[in-house]
Amino acid sequence: MTLLDALRQSVLVADGANGTLLAQRGYHRTPCDLANLDAPDIVLAAHRAYLTAGSDLIETNTYQANQFRLPEEADLHAVNVRGAQIARQAVIESGKTAYVLGAVGPAGKPVAPFGQVDAGAYQASVARQAAALVEGGVDGFMLETFVDMHELELAIEAIRTVSDLPILASKAYIEDGEMLTEGLPAKCAQEMATLGVAALGANCVVGPQRMLDVVRQLAEATDLPIVAMPTPGFPQLVKGAVAYDATPDYFAKSMVRLAEEGARVLGGCCGTTPDHIRALRELLDRQPVKVRQRTVGATATKERKPLPDPEPSPLAQKLGRQFVVAVEMDVPRGLNLSKLTDGCIALRNIGVDVINISDGARARLRMSPASVAAILQRDAEMDVTMHFACRDRNLLAIQSDLLGARALGVRNILAVTGDPANIGDYPSATSVFDIDSIGLCRILSRFNEGIDLAGYSIGMKCGFTIACAYNPLAMDPDAEFDRLQRKADAGAHVIYTQPVFDIGQAETCVRDAARVGLPVLVGVLPLKSARHAEFMHHEVPGISIPDGLRQRVAAAASDEDALEIGIEAAQSLTAWIQREAAGLYLMPPFGSAAIAARVLSPVVSTALPRDPVA
Numbered sequence: 052m053t054l055l056d057a058l059r060q061s062v063l064v065a066d067g068a069n070g071t072l073l074a075q076r077g078y079h080r081t082p083c084d085l086a087n088l089d090a091p092d093i094v095l096a097a098h099r100a101y102l103t104a105g106s107d108l109i110e111t112n113t114y115q116a117n118q119f120r121l122p123e124e125a126d127l128h129a130v131n132v133r134g135a136q137i138a139r140q141a142v143i144e145s146g147k148t149a150y151v152l153g154a155v156g157p158a159g160k161p162v163a164p165f166g167q168v169d170a171g172a173y174q175a176s177v178a179r180q181a182a183a184l185v186e187g188g189v190d191g192f193m194l195e196t197f198v199d200m201h202e203l204e205l206a207i208e209a210i211r212t213v214s215d216l217p218i219l220a221s222k223a224y225i226e227d228g229e230m231l232t233e234g235l236p237a238k239c240a241q242e243m244a245t246l247g248v249a250a251l252g253a254n255c256v257v258g259p260q261r262m263l264d265v266v267r268q269l270a271e272a273t274d275l276p277i278v279a280m281p282t283p284g285f286p287q288l289v290k291g292a293v294a295y296d297a298t299p300d301y302f303a304k305s306m307v308r309l310a311e312e313g314a315r316v317l318g319g320c321c322g323t324t325p326d327h328i329r330a331l332r333e334l335l336d337r338q339p340v341k342v343r344q345r346t347v348g349a350t351a352t353k354e355r356k357p358l359p360d361p362e363p364s365p366l367a368q369k370l371g372r373q374f375v376v377a378v379e380m381d382v383p384r385g386l387n388l389s390k391l392t393d394g395c396i397a398l399r400n401i402g403v404d405v406i407n408i409s410d411g412a413r414a415r416l417r418m419s420p421a422s423v424a425a426i427l428q429r430d431a432e433m434d435v436t437m438h439f440a441c442r443d444r445n446l447l448a449i450q451s452d453l454l455g456a457r458a459l460g461v462r463n464i465l466a467v468t469g470d471p472a473n474i475g476d477y478p479s480a481t482s483v484f485d486i487d488s489i490g491l492c493r494i495l496s497r498f499n500e501g502i503d504l505a506g507y508s509i510g511m512k513c514g515f516t517i518a519c520a521y522n523p524l525a526m527d528p529d530a531e532f533d534r535l536q537r538k539a540d541a542g543a544h545v546i547y548t549q550p551v552f553d554i555g556q557a558e559t560c561v562r563d564a565a566r567v568g569l570p571v572l573v574g575v576l577p578l579k580s581a582r583h584a585e586f587m588h589h590e591v592p593g594i595s596i597p598d599g600l601r602q603r604v605a606a607a608a609s610d611e612d613a614l615e616i617g618i619e620a621a622q623s624l625t626a627w628i629q630r631e632a633a634g635l636y637l638m639p640p641f642g643s644a645a646i647a648a649r650v651l652s653p654v655v656s657t658a659l660p661r662d663p664v665a
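Sequential numbering from 52 applies to the sequence shown in the numbering used here.
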């Protein structure tokens, strides 16, 4: 009997967690897929244990065996071939009819367009993995624990370039009643069914009881076989290790209910052991499953009600309609923001439109920018653009913090990748970089649609004004412009540039902004001393100060005179920017409101509404 025949004719029992069992048996290297090469006997014993417990399907120990999760020195082909061979050996030795599924998981980091993993590179990796699994003798593939439907589609397309074997596709769903209310599993089932898979379903994240409604929606959205492979229950940390306390008997009884709702493949994910599978097998053998009548389409997929469009932020309302003046102010160490607030009030009083607050620039410890921005909007009554770095947060924290900022009333976000942690106050801190600034622009754009990265509703459209950064003097100008174009495509509304020091550099900013169709706030930084000029020119990437300006500053009799030269040069450049660009992004030294006011004195006294800027 082929795998496809078996899927249509009976309820199949899959296996449980390979990683859990390998760890229990003493293999602790990560990823555990490496055990295929350096501890094959342990892997073989794990497969035997599941087959003995009653599994009809076993997965290869290759869930993480792609080029993005394996160490560079690992042989991707060998890990996958050997993984399939070991699983096949276990089936042959068992003497029973069982099927081997090649386990394929997501990249482990977000795939473009949200993340930095190139979609083509991911597909190439999946194709290599699938070809190796076929060489090793699999009967089909299990694609599991995917969150991003786009990534799942990429994986299926890649497998189809090397194999026609059946594909079982499984998505992870969060434990969220709203997700069920909106019918997301049904929508995903309909989408997966169009991809030509042999079965579809859900795995991981939720326990068997919470998966009941997920399976019900899947079964009512498609007539394809349904896969259900939950965790045994809620995980908890016990002595530093993840543990589950759901008993095998409870797991088995709950899984039978999933079969009654229409699941045809029953197994377990993280934390599930041969004991859980044995209890399930024994219960299924004792009592026939009474499958509830499936009526595809019985539960209509609910369409979301259109969300109202929010009022644009003050910055968004001004862009293209008047010359915009933004000033970046330094956030002090600690909690006392009184000086910063006073400086912002002074700038507001002379006509500055928006204050910029950095997010731990140069990896320095400062108060959360969302908190600072909210305080300034309240106490200084100023519109604020909050810089948001990808460095410190994983995908969960990024979205959580952005929602928190929006709840505090902060709506202008400058998406930046962020300086690496090892250059800052705490060099031992870990940089995350799950995504870069392009992916962040896409997440903000999704929030503006009223949904998060996984497609779940957030209840309202956020109305973020999405700003992006541009360095006209990057070491690789073509790559920098390509990133700018991708940020524009990802939903950016406005460009903030690195500081420039002559009209030629400013012209590059305006020209490139016009090429991507976005307004630009050109960066200006007044030099404060000869030492400052030399540091910026020689030690800060992407900064180039003309020789003539550096010589003038160097020839100044004192730092006070050098600062006067810096302010004069900044005023001259600002006058050109006011004629040619959508706005000015001023970065005064020391975060000094007084210096900013002096640079701006000709601007704020003559600033008038202007024609729209592309």
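All C-beta atoms in this analysis are idealised placements derived from N, C-alpha and C, irrespective of residue type, glycine included.
Keep in mind the model is a prediction, meaning the values are calculated, not measured.
By the neighbour-count criterion, in which a residue is buried when 16 or more other Cβ atoms sit within 10 angstroms of its Cβ, Asn499 is buried. In the three-state DSSP reduction, Met437 falls in the strand class (E or B).
Within the model, the alpha-carbon separation for Leu504 versus Ala581 is close to 47 Å.
Here Glu379 is bridged, per DSSP, to Asn407.
Excluding sequence positions up to five before and after Ile502, its CB lies within less than 7 Å of the CB of Ser508, Ile509, all in the same chain and listed in chain order.
Three or more Cβ pairs closer than 8 Å define a contact, and the segment 68 to 84 falls short of that threshold against the segment 330 to 343. Straight-line spacing of the CA atoms in Val94 and Arg211 works out to 28 Å. With a beta-carbon spacing of about 6 Å, Ile464 and Met437 fall inside the 8 Å limit used to define contacts.
The three-state secondary structure of Ile210, taken from DSSP, is helix. Rounded to whole angstroms, the gap between the alpha carbons of His544 and Asn445 is 24 Å. Per DSSP, Thr392 lies in no beta strand (DSSP E) segment; the continuous alpha helix (DSSP H) that holds it begins and ends at 389 to 400. Under a 10 Å Cβ-count criterion, Ala606 is classified as exposed, with fewer than 16 other Cβ atoms of the shown protein chains found around its own Cβ.
When beta bridges are read from the DSSP output, Tyr547 appears opposite Ala520, Leu572.
Here the C-alpha atom of Val64 lies approximately 26 Å from the C-alpha atom of Val177. The criterion of a C-beta distance shorter than 7 Å is not satisfied by Pro217 and Gly252. Here Ala530 is exposed, its C-beta having fewer than 16 other C-beta atoms within 10 Å.
In the structure shown, Ser61 falls within a coil segment according to DSSP collapsed to helix, strand and coil. Gln622 sits in a helix when the DSSP states are folded into three classes. With contacts defined as CB atoms closer than 7 Å, Thr196 and Asn254 qualify as a contacting pair. DSSP places Ser221 inside the beta strand (DSSP E), whose first and last residues are 218 to 222. The alpha-carbon of Tyr224 is positioned some 33 Å away from that of Ala90. Cα atoms of Gln450 and Ile494: separation of roughly 8 Å, rounded to the nearest angstrom.
Taking C-beta atoms as the reference points, Leu614 and Val575 fail to come closer than 7 Å. For Thr245, the closest C-alpha among the options Ile486, Leu275, Gly460, Ala175 is that of Leu275. Apart from the 5 residues on each side of it in sequence, Ser214 sits with its Cβ closer than 6 Å to the Cβ of Ala181, Val185 in its chain, given in chain order.
Beta-bridge partners assigned by DSSP to Ser508: Ile502.
Segment contact: the segment 294 to 314 against the segment 201 to 209, fewer than three CB-CB distances shorter than 8 Å; contact not assigned. Here Val403 has Val376, Val378 as same chain residues with Cβ atoms under 6 Å from its own Cβ, once five neighbours each way along the sequence are excluded. Nearest C-alpha to Arg139 among Ser419, Gln260, Ile618, Ala96: Ala96. Its chain contains Ala223, Ala505 as the residues whose beta carbon lies nearer than 6 Å to that of Val198, once the 5 sequence neighbours on both sides are disregarded; these appear in chain order.
Going by DSSP, Glu558 is part of the alpha helix (DSSP H) stretching over 554 to 567. Classified as exposed, His201 has fewer than 16 neighbouring CB atoms from the shown chains inside 10 Å of its CB. If you compare the alpha carbons of Arg429, Ser488, Glu631, Ile489 with that of Gly460, the shortest gap goes to Arg429. Scanning Leu331, Asp326, Pro325, Met193 for the CA closest to the CA of Ile277 turns up Met193. Residue Arg497 holds the alpha-carbon nearest to the alpha-carbon of Met511 among Arg562, Arg537, Ala626, Arg497. As a beta-bridge residue in DSSP terms, Glu110 pairs with Leu152.
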